[in-house]
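Residue numbers (full-length UniProt numbering): 1 to 177.
Written out below as structure tokens is the structure these notes cover.
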Amino acid sequence: MSLILDWFDRLSERRMRRVAQSHGRRSLVGRLGVALVGGAVLPMLPFDRSGQFGSAQAATPKPDPNNPEKCEYWRYCAFDGYLCTCCGGSLTQCPPGTEASKVSWVGTCLNPNDNRHYLVSYNDCCGKSACGQCICNNNERERPGYRLGVHNDINWCMANTSPMFHCTTSVIVGLAS
1 MSLILDWFDR LSERRMRRVA QSHGRRSLVG RLGVALVGGA VLPMLPFDRS GQFGSAQAAT
61 PKPDPNNPEK CEYWRYCAFD GYLCTCCGGS LTQCPPGTEA SKVSWVGTCL NPNDNRHYLV
121 SYNDCCGKSA CGQCICNNNE RERPGYRLGV HNDINWCMAN TSPMFHCTTS VIVGLAS
């Protein structure tokens, strides 16, 4: 057994000396640098996920745009808050114990049933703590905070007696022109 180990040691030593004579330390450092930089750049290369995305999307059924208890309901295109339909109210009525905000924001939503755009007023219901059910945040055609009438990230209950936000209704104001 010791003869085999001695032979293996001599063979390894000869190979290592040959490699050390033909390659310097700088060569090793250079190759390590290339490997490290290449390893860091590799995740930044473009990656095509279209095949996976297409098959996953095909398997997922489209949500119903006519269900007022889901965020995909067509009237909720600029909605941000808790759906009053899940909090004891309705699409257009605040739940008992709350009152509609004195100010609101508006959105222009496409009704897929008649292919027309409607002006929708989003009114927060104020006076109770947040409902905590059915939160939706859709920002279709939202404008920056300096355009307050079309910005949905503001506590619109600030003009009411009680600034506590509970949920939000969605009222059709009319056809958009």
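Ideal Cβ placement from N, Cα and C applies to all residues, glycine included.
Small disclaimer: the values here were computed from a predicted structure and weren't measured.
Identify, in the order they occur along the chain, each residue of the same chain with its Cβ nearer than 7 Å to the Cβ of residue i, setting aside the five sequence neighbours on each side.
i      : result
Tyr76  : Cys136, Asn138, Ser170
Asp114 : none
Gly89  : Pro95, Cys125, Cys167, Thr169
Cys157 : Ser101, Asp124, Cys126, Pro163, Met164, Phe165
Can residue i and residue j be called in contact, C-beta distance under 8 Å?
i      : j      : result
Ser101 : Asp124 : yes
Thr160 : Glu99  : First, the residue type needs correcting, since residue 160 is Asn and not Thr in the sequence shown. Yes, these two residues count as a Cβ contact at 8 Å.
Glu72  : Pro63  : yes
Please classify residue i: is it buried, with 16 or more other beta-carbons within 10 angstroms of its beta-carbon, or exposed?
i           : result
Lys128      : buried
Pro95       : buried
Ala78       : buried
Phe8        : exposed
residue 228 : In the structure displayed, the chain extends from 1 to 177; residue 228 sits before or after that span and is not available.
Val29       : exposed
Gly97       : exposed
Gly24       : exposed
Ser2        : exposed
Gly107      : buried
Gly149      : A caution first: Gly149 carries a pLDDT of 49, below 50, which makes its placement in the model unreliable, though a value can still be read off. Result: exposed.
Below 6 Å CB to CB, which residues in the same chain sit around residue i once its five sequence neighbours on both sides are set aside?
i      : result
Arg31  : none
Ser22  : none
Tyr146 : Low local confidence applies: a pLDDT of 49 at Tyr146 is under 50, so the model's placement there is unreliable, with the coordinate-based value given in what follows. Excluding residues within five positions, none has a Cβ falling inside 6 Å.
Cys109 : Trp74, Arg75, Cys77, Tyr118, Val120
Distance check for residue j and residue i, CA to CA, integer angstroms please.
i      : j      : result
Ser84  : Val173 : Here residue 84 is Cys; the residue named in the question, Ser, does not match the sequence. Each residue's alpha carbon lies about 18 Å from the other.
Arg14  : Arg26  : 21 Å
Ala35  : Arg116 : 58 Å
Gln133 : Ala176 : 30 Å
Val120 : Pro112 : 15 Å
Cys86  : Ser104 : 20 Å
Asn66  : Cys131 : 22 Å
Ile4   : Val19  : 23 Å
Arg10  : Arg17  : 11 Å
Ser12  : Asp6   : 10 Å
Asp82  : Leu91  : A quick correction: the sequence has Tyr, not Asp, at residue 82. Each residue's Cα considered, the two are about 11 Å apart.
Going along the chain, which residues of its own chain have a beta-carbon closer than 8 Å to the beta-carbon of residue i, five neighbours each way excluded?
i     : result
Arg49 : Unreliable positioning characterises Arg49 in this predicted model, as indicated by a pLDDT of 48, which lies under 50. The coordinate reading is nonetheless provided below. For Arg49, where only same-chain residues beyond five positions count, there are no Cβ hits under 8 Å.
Could you tell me whether any non-hydrogen atom of the ligand PLP is closer than 7 Å to the CB of residue i?
i      : result
Tyr118 : Looking for the ligand PLP in the displayed structure turns up nothing, as the structure carries no ligands at all.
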